[in-house]
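In our numbering, the protein residues as written are 464 to 641. Even for Gly, the Cβ is constructed at its ideal location relative to N, Cα and C. Since we're looking at a predicted model, the values are computed, not measured.
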Amino acid sequence: EISEWKEFTGQFEAADYVEIRARVSGYLKSIHFEDGKLVKKGELLFVIEPEPFELALQQAKAQLADALAKQELAKVQLKRTAELAKKNFAAASTYDQRVAELRSAEAAVEIAKAAVDTAKLNLDYTRLTAPVSGRVSRHEVSVGNLIIGGSGAPSANSTLLTTIVTLDPINIVFDVSE
């Protein structure tokens, strides 16, 4: 019996490789891992200074409260004008104006709600957690440095903080000559 076999040089490669980049900009406040250690999915890795984002959230909530107050005033004025218009004490153009003011106030409330949601999301992005379990590399930035964040595709401007590679499963890659 003859068995044919060949030897090839292979290289281990992680099945998943993740670059950890910030979605928001700010100063790095703390690092919560040791270089080269194993991390679990969801484990806290970095904290970017949250105070500016907390203030932005407070401002957005205040703008929402202002928009809600204006919406309430617009409702009351519309109701009052509608009653006056029924008795011919208010012009139709005044009623139409009150309707438009209410619609504008309702739109301002929606804009303010979106601003609150955005501010909450940005505040959440100040805490960077591990998206996968695996081995974390070294931290590329030290505490106190300015982190440039960005959403969407990674760009040359966003700061690479560290990388994580998975250990289970793992692939072996080798080249076979033709």
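From what residue to what residue does the alpha helix (DSSP H) around residue i run?
i: Arg561; result: Ala555 to Asp587
i: Arg543; result: Glu514 to Lys549
Quick check on the burial criterion: 16 or more other C-beta atoms within 10 angstroms. Buried or exposed for residue i?
i: Ala570; result: exposed
i: Ser621; result: buried
i: His472; result: At residue 472 the sequence reads Thr, which differs from the His that was named. The residue is exposed, with fewer than 16 neighbouring Cβ atoms inside 10 Å.
i: Gly607; result: exposed
i: Val572; result: buried
i: Asn585; result: buried
i: Gly499; result: exposed
i: Gln521; result: exposed
i: Ala577; result: exposed
i: Leu491; result: buried
i: Leu518; result: exposed
Which residues bound the beta strand (DSSP E) around residue i?
i: Leu491; result: Gly489 to Ile494
i: Leu630; result: Neither: Leu630 is in no beta strand (DSSP E) and is coded neither H nor E.
i: Val599; result: Gly597 to Val599
i: Arg486; result: Element bounds for Arg486: n/a, residue is neither H nor E.
Just how far apart, CA to CA, sit residue i and residue j?
i: Phe516; j: Glu470; result: 57 Å
i: Thr629; j: Ser567; result: 51 Å
i: Leu527; j: Val539; result: 18 Å
i: Val579; j: Lys524; result: 6 Å
i: Phe637; j: Arg486; result: 36 Å
i: Arg601; j: Pro513; result: 23 Å
i: Ala575; j: Ala563; result: 18 Å
i: Asn551; j: Ala537; result: 20 Å
i: Asp631; j: Val481; result: 14 Å
i: Ala478; j: Arg484; result: 20 Å
i: Ala582; j: Ser556; result: 39 Å
i: Thr625; j: Gly489; result: 16 Å
i: Glu535; j: Tyr558; result: 16 Å
Could you please give me the residues that DSSP links to residue i through a beta bridge?
i: Phe509; result: Ile494 and Leu591
i: Phe475; result: Ile635
i: Ile610; result: Gly489
i: Val502; result: Gly597
i: Glu482; result: Thr626
Going along the chain, which residues of its own chain have a beta-carbon closer than 6 Å to the beta-carbon of residue i, five neighbours each way excluded?
i: Leu547; result: Ala553
i: Arg561; result: Gln540, Leu541 and Thr544
i: Ile635; result: Gly473 and Phe475
i: Asp529; result: none
i: Lys504; result: Ala593, Val595 and Ser596
Excluding the 5 residues preceding and the 5 following residue i in the sequence, name in chain order all residues of the same chain whose CB lies nearer than 7 Å to its CB.
i: Glu506; result: Thr592 and Ala593
i: Ile494; result: Phe509, His602 and Val606
Going along the chain, which residues of its own chain have a beta-carbon closer than 8 Å to the beta-carbon of residue i, five neighbours each way excluded?
i: Val502; result: Phe496, Leu508, Ala593, Ser596, Gly597, Arg598, Val599 and Ile627
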